[in-house]
Amino acid sequence: MVLEIKIHSKETDSALTTLRQTVDAWNTSYPRQVGGENALEVINKLNDLNEQCQSMLESYKQLLLENQAAAQQSVETMEETDRSLSSMITSGR
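Just add 32 to the spot in the sequence shown (first one is 1) and you have the working numbering.
So, in C-alpha coordinates, the structure goes:
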(Lines of atoms letter the chains of each structure in order from A; the text may use other names.)
(Lines give C-alpha, C1' and ligand atoms only; values in the text may rest on other atoms or scores of the structure.)
Protein backbone atom coordinates (compact mmCIF):
# COMPACT_ATOMS: atom_id res chain seq x y z
CA MET A 33 0.00 0.00 0.00
CA VAL A 34 1.32 3.42 -0.99
CA LEU A 35 0.94 6.11 1.66
CA GLU A 36 2.16 8.99 -0.45
CA ILE A 37 0.49 12.34 -0.90
CA LYS A 38 1.21 13.85 -4.28
CA ILE A 39 0.70 17.54 -4.83
CA HIS A 40 0.53 18.80 -8.37
CA SER A 41 1.77 22.30 -7.58
CA LYS A 42 1.13 23.96 -10.91
CA GLU A 43 -2.43 22.63 -11.14
CA THR A 44 -3.15 23.44 -7.51
CA ASP A 45 -1.75 26.96 -7.80
CA SER A 46 -3.68 27.50 -11.02
CA ALA A 47 -6.96 26.33 -9.48
CA LEU A 48 -6.48 28.43 -6.34
CA THR A 49 -5.51 31.48 -8.40
CA THR A 50 -8.57 31.02 -10.59
CA LEU A 51 -10.76 30.73 -7.50
CA ARG A 52 -9.25 33.91 -6.03
CA GLN A 53 -9.71 35.85 -9.28
CA THR A 54 -13.29 34.63 -9.67
CA VAL A 55 -14.21 35.55 -6.11
CA ASP A 56 -12.48 38.94 -6.40
CA ALA A 57 -14.43 39.67 -9.60
CA TRP A 58 -17.73 38.50 -8.12
CA ASN A 59 -20.14 41.40 -7.81
CA THR A 60 -22.14 40.81 -4.66
CA SER A 61 -24.05 44.07 -4.79
CA TYR A 62 -27.76 43.72 -4.39
CA PRO A 63 -30.42 46.39 -4.82
CA ARG A 64 -30.62 48.19 -1.49
CA GLN A 65 -33.92 49.98 -2.04
CA VAL A 66 -36.77 48.88 -4.23
CA GLY A 67 -39.90 50.96 -4.66
CA GLY A 68 -38.43 54.37 -3.92
CA GLU A 69 -40.75 56.26 -1.58
CA ASN A 70 -43.41 53.56 -1.78
CA ALA A 71 -44.46 52.59 1.76
CA LEU A 72 -46.12 49.27 0.97
CA GLU A 73 -45.36 46.55 3.50
CA VAL A 74 -44.26 44.21 0.69
CA ILE A 75 -41.69 46.76 -0.50
CA ASN A 76 -40.35 47.19 3.04
CA LYS A 77 -40.03 43.42 3.48
CA LEU A 78 -38.38 43.10 0.06
CA ASN A 79 -35.86 45.78 0.99
CA ASP A 80 -35.13 43.96 4.27
CA LEU A 81 -34.64 40.69 2.37
CA ASN A 82 -32.34 42.42 -0.12
CA GLU A 83 -30.20 43.74 2.73
CA GLN A 84 -30.03 40.26 4.27
CA CYS A 85 -29.07 38.75 0.91
CA GLN A 86 -26.38 41.40 0.44
CA SER A 87 -24.94 40.62 3.85
CA MET A 88 -25.06 36.87 3.21
CA LEU A 89 -23.32 37.22 -0.17
CA GLU A 90 -20.58 39.38 1.31
CA SER A 91 -20.06 36.85 4.14
CA TYR A 92 -19.95 33.99 1.66
CA LYS A 93 -17.43 35.83 -0.50
CA GLN A 94 -15.24 36.46 2.56
CA LEU A 95 -15.50 32.80 3.55
CA LEU A 96 -14.42 31.73 0.06
CA LEU A 97 -11.42 34.05 0.22
CA GLU A 98 -10.45 32.73 3.64
CA ASN A 99 -10.78 29.12 2.45
CA GLN A 100 -8.70 29.87 -0.64
CA ALA A 101 -5.97 31.43 1.51
CA ALA A 102 -6.03 28.49 3.94
CA ALA A 103 -5.78 25.99 1.08
CA GLN A 104 -2.88 27.95 -0.43
CA GLN A 105 -1.10 28.00 2.94
CA SER A 106 -1.68 24.25 3.40
CA VAL A 107 -0.18 23.47 0.01
CA GLU A 108 2.84 25.68 0.72
CA THR A 109 3.33 24.05 4.13
CA MET A 110 3.13 20.54 2.65
CA GLU A 111 5.63 21.46 -0.05
CA GLU A 112 8.03 22.93 2.51
CA THR A 113 7.68 19.85 4.72
CA ASP A 114 8.35 17.64 1.72
CA ARG A 115 11.50 19.60 0.88
CA SER A 116 12.68 19.43 4.50
CA LEU A 117 12.09 15.68 4.75
CA SER A 118 13.77 15.11 1.42
CA SER A 119 16.76 17.12 2.56
CA MET A 120 17.00 15.18 5.84
CA ILE A 121 16.73 11.83 4.06
CA THR A 122 19.34 12.86 1.48
CA SER A 123 21.79 14.18 4.07
CA GLY A 124 21.34 11.04 6.19
CA ARG A 125 22.67 8.78 3.48
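Even for Gly, the Cβ is constructed at its ideal location relative to N, Cα and C.
Option in the options with minimal Cα separation from residue i
i          : options           : result
residue 41 : 106, 85, 122, 124 : 106
residue 54 : 97, 74, 80        : 97
residue 65 : 114, 37, 80       : 80
residue 36 : 114, 67, 71, 88   : 114
residue 44 : 112, 117, 108     : 108
Residue i in three-state terms, based on DSSP
i           : result
residue 38  : coil
residue 66  : coil
residue 106 : helix
residue 60  : coil
residue 72  : coil
Test: residue i CB closer than 8 Å to a CB of chain B
i          : result
residue 99 : As a matter of chain content, chain B is missing from the structure shown, which is built from one protein chain.
CB contact flag (residue i, residue j, <8 Å)
i           : j          : result
residue 110 : residue 39 : yes
The region 91-105 / the region 37-51 touching (three or more Cβ pairs under 8 Å): Counting Cβ pairs under 8 Å, three or more are found: they touch.
The region 60-69 in contact with the region 85-95 per 3-pair CB rule at 8 Å: With a cut-off of 8 Å on Cβ pairs, the region 60-69 is in contact with the region 85-95, counting three or more such pairs.
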